[in-house]
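Using the numbering used here, read the sequence shown as starting at 549 and increasing by one per residue.
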Amino acid sequence: MSFPAILLNSIAIFLMFFLWGCANPKGITGGAKDTLAPKVTKILPANKTTNYTGKVIILEFSEWVKINNLQKELIITPSITGNYKVIDSKKTIVLEFEKPFNPNTTYTLNFGKGIGDVTENNTVKDLKVVFSTGDKLDSLQIAGNAVYPLENTPASECTVWLALADDTLKVDKHRPYYTTQTDKNGNFKLQNLKAGKYSLYVFKDNNNNNILNPEQEAIGFLTTDVELSSKNIDSLKLLLSVSDKKASKLLRIRPSNSQVDRAFIDFNKGISNIKIESEPKIAYQVSNNGKEVVLFNTPKVYDSLSLKIIATDSLDNITEIEKKVLFPKEIKSSKPKKEQLKVQIFNKSEGEGVNNTFILELLFSKPIANEDLKKIRFQKDKDSITFIELQANEYRWDEYKTKLSIEKTIKFKEELRVFVDSMAFESVEKDFSGKLLQKYPIKNPIRFGTIKLDLETKEPNIIVELLDDKSKIVRQLKSPLKSKSIVWDYLMANTYVVRVIVDSNKNGKWDAGDFEKRQQPEKVIYYTKKIPLRENWEITEKFIVE
549 MSFPAILLNS IAIFLMFFLW GCANPKGITG GAKDTLAPKV TKILPANKTT NYTGKVIILE
609 FSEWVKINNL QKELIITPSI TGNYKVIDSK KTIVLEFEKP FNPNTTYTLN FGKGIGDVTE
669 NNTVKDLKVV FSTGDKLDSL QIAGNAVYPL ENTPASECTV WLALADDTLK VDKHRPYYTT
729 QTDKNGNFKL QNLKAGKYSL YVFKDNNNNN ILNPEQEAIG FLTTDVELSS KNIDSLKLLL
789 SVSDKKASKL LRIRPSNSQV DRAFIDFNKG ISNIKIESEP KIAYQVSNNG KEVVLFNTPK
849 VYDSLSLKII ATDSLDNITE IEKKVLFPKE IKSSKPKKEQ LKVQIFNKSE GEGVNNTFIL
909 ELLFSKPIAN EDLKKIRFQK DKDSITFIEL QANEYRWDEY KTKLSIEKTI KFKEELRVFV
969 DSMAFESVEK DFSGKLLQKY PIKNPIRFGT IKLDLETKEP NIIVELLDDK SKIVRQLKSP
1029 LKSKSIVWDY LMANTYVVRV IVDSNKNGKW DAGDFEKRQQ PEKVIYYTKK IPLRENWEIT
1089 EKFIVE
């Protein structure tokens, strides 16, 4: 731009502020608190202007205003090329655009919560400017709702991504041509659209870049493109889930810096199962989040040891890789850490106490090398002189030997006692468990409630789940069901909800969608009523799954 042109542009902006400005140097103080938002008194170009050729948007208000994160709050659709500059002065806000708007295009500027008054920051609500660079305004709209189907909650504050279907834009690579945000109820609306076929996505834009990260961000999509002709489309439903289908990636193998004979494998996301082959064999266990695997140097090999690692994630993707590990023989720390074997016993039934048939879990802080299960004994009632041992068909180990599950039936009247004698378990690091005593009272039926559910469905493969008021799964049944009349007894007083997952691929779990294949998440149906349950209550409900 030449110097005369720059000078003329500066003079024009100066004159604009001089003519539009307000002489009041500061806001009013004292009196009642200001709760009213500023009013828009002038807009240039005026709303719904056609044939607009300028590069400036001017807004004037009834009082002094300020901008609030306008670069994020202001949504311009369709997207523009180039940047814009914001000038705010007293009662006036000016947007100066670097490049001209596209010809024959209807533009919408939605200011969100980006403008408020200077005293109490009362936000100007529903401020929108619409204009066209052609001789007509596009007037069609697409509206709908977005939800997280498994949780049955609205997908609020998500990015709505819209582009013409024949465009080369990709949701995981490009910013959208048209965009907006879902509200707190998951509702969205895109207005002033032209007729055509569109690709529509809604995703949780965690990093605010308007581009999908499929490994971390939930996305909802339609199975087919949207055909927008002479009528509006206003009842779309999009189901959001994280559509990451990539296998887990091994990030590193690292020696422990606090314990000898230990090393760790780090994954980028959780795995559900791992098998490690080596010669000689080593012990290993998976952490609770599945992202870390602890390796134990049980054969005491201090040269580089070759490992064949086969890891499976929750989507049944398999990662197979060969790596080497070098275990630390010495720790330079002045106080090297030594972790003792810890054992915890958990009652797997809800609430206090157990029934005559019970399930217990023993969790160990590291893998077990040797055990003497005769040192686990049960006493029925405290005055009994009879001790009952564990039988071979009443327990099972997990694959890492860090969890022992016990299912047993003992008829007792008041209290069951579980004794674990010292040295019952020896870890792979050759330390022993201590002595344990756990006491469980008999469950009192009047302290619990019962829900009976009559289920009607034509779906052959389903998962029926009972959730408490914190959305924790309390009970779960999977096809094939023994009966369509389900009885859930010994439930704590709580407010429950029931959901049914249509297990289309028969893998016994809910599966997220795949946006690349346009494959929707597995269907989830929630019972329409919440079920409040009190002690000593029995409630019967009928659930028709359609």
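Ideal Cβ placement from N, Cα and C applies to all residues, glycine included.
>> Extract the residue ranges of the alpha helix (DSSP H) inside the stretch 725-776, only unbroken runs of 4 or more that lie entirely within it.
In response: none
> Can you tell me whether DSSP reads Pro-1080 as helix, strand or coil?
Replying inline: Pro-1080: strand per DSSP, three-state reduction.
> Closest by CA to Phe-815, which one among Leu-787, Thr-860 and Glu-898?
Replying inline: Thr-860
> For Pro-724, which of Gly-734, Lys-732, Ser-970 and Leu-712 has the nearest alpha-carbon?
Replying inline: Leu-712
> Who does Glu-963 pair with in a DSSP beta bridge?
Replying inline: Pro-989
>> For Phe-609, which residues in the same chain have their Cβ closer than 7 Å to its Cβ, ignoring the five residues on either side in sequence?
In response: Pro-586, Lys-587, Val-588, Thr-589 and Lys-639
> From Asp-1016, Ser-1019, Thr-772 and Ile-1010, pick the residue whose C-alpha is nearest to that of Asn-1055; which is it?
Replying inline: Ile-1010
>> Between which residues of its own chain and Arg-925 is the CB-CB distance below 7 Å, once the five residues before and five after are set aside?
In response: Phe-935, Ile-936, Glu-937 and Phe-967
> Given a threshold of 16 other Cβ atoms within 10 Å of its Cβ, counted over all protein chains shown, does Pro-1008 qualify as buried or as exposed?
Replying inline: exposed
> Can you tell which of Arg-965, Ile-916 and Lys-930 has the C-alpha that lies nearest to the C-alpha of Lys-949?
Replying inline: Ile-916
> How about Leu-710 and Leu-760: do their beta carbons lie closer than 7 Å?
Replying inline: no
> What is the DSSP secondary structure of Gln-619, reduced to helix, strand or coil?
Replying inline: Helix, per DSSP.
>> Is it buried or exposed, Ala-703, if we count other Cβ atoms within 10 angstroms and call 16 or more buried?
In response: buried
> Going along the chain, which residues of its own chain have a beta-carbon closer than 6 Å to the beta-carbon of Pro-847, five neighbours each way excluded?
Replying inline: Pro-828
> To which residues does DSSP link Asp-1002 through a beta bridge?
Replying inline: Ser-1033 and Lys-1090
> Can you tell which of Val-719, Leu-618, His-722 and Tyr-832 has the C-alpha that lies nearest to the C-alpha of Asp-946?
Replying inline: Tyr-832
> So what does Val-841 bridge to, in DSSP terms?
Replying inline: Beta-bridge partners assigned by DSSP to Val-841: Ile-813 and Val-834.
> In terms of residue numbering, what span does the beta strand (DSSP E) encompassing Asp-782 cover?
Replying inline: 781-787
> Going along the chain, which residues of its own chain have a beta-carbon closer than 6 Å to the beta-carbon of Gly-569, five neighbours each way excluded?
Replying inline: Model confidence at Gly-569 stands at a pLDDT of 47, short of 50, so the residue's coordinates are unreliable and nothing is read from them.
> If we ignore side chains and look at the alpha-carbon of each, how far apart do Ser-1019 and Leu-921 end up?
Replying inline: 37 Å
>> Distance check for Gln-689 and Leu-741, CA to CA, integer angstroms please.
In response: 6 Å
> What are the boundary residues of the beta strand (DSSP E) that includes Tyr-948?
Replying inline: Looking at the DSSP string, Tyr-948 is not in any beta strand (DSSP E), and its letter there is neither H nor E.
> Whose CA, out of Ser-1033, Lys-877 and Ala-691, lies closest to the CA of Leu-1001?
Replying inline: Ser-1033
> Residue range of the beta strand (DSSP E) that Asn-658 falls in?
Replying inline: 654-658
> Leaving out five residues before and five after Ser-734 in sequence, what residues of the same chain have Cβ atoms less than 7 Å from its Cβ?
Replying inline: Note on identity: in this sequence residue 734 is Gly, with Ser being the wrong assignment. Excluding positions up to five away in sequence, the list reads Asn-693, Ala-694, Val-695, Pro-702, Ala-703 and Ser-704.
> Contact check, Asn-918 vs Lys-991 under 8 Å by CB: the rounded distance?
Replying inline: Asn-918 to Lys-991, Cβ: 35 Å. No contact.
>> My output table needs one value for Leu-675: the three-state DSSP class, helix, strand or coil.
In response: coil
> Whose C-alpha, out of Phe-875, Glu-840 and Ala-766, is nearest the C-alpha of Ser-854?
Replying inline: Comparing Cα positions, the closest option is Phe-875.
> Between Ala-713 and the ligand FMN, is the CB less than 6 Å from at least one heavy atom?
Replying inline: The ligand FMN is not part of the structure shown, which contains no ligands of any sort.
> Grouping DSSP H, G and I as helix and E and B as strand, with all else coil, what is Arg-1047?
Replying inline: strand
>> Would you call the stretch 1032-1051 in contact with the stretch 1059-1076, where contact means no fewer than 3 C-beta pairs closer than 8 Å?
In response: Segments in contact, yes.
> Which residues mark the beginning and the end of the beta strand (DSSP E) in which Thr-860 is found?
Replying inline: Per DSSP, Thr-860 belongs to the beta strand (DSSP E) from 853-861.
> Is it true that the CB of Ile-623 sits closer than 7 Å to the CB of Thr-730?
Replying inline: no
> Exposed or buried, Tyr-850, counting other C-beta atoms within 10 Å across all chains shown (16 or more means buried)?
Replying inline: exposed
>> Can you give me the C-alpha to C-alpha distance between Phe-912 and Ser-981, rounded to a whole angstrom?
In response: 9 Å
>> Among Lys-839, Ile-830 and Ser-789, whose alpha-carbon lies nearest the alpha-carbon of Arg-800?
In response: Lys-839
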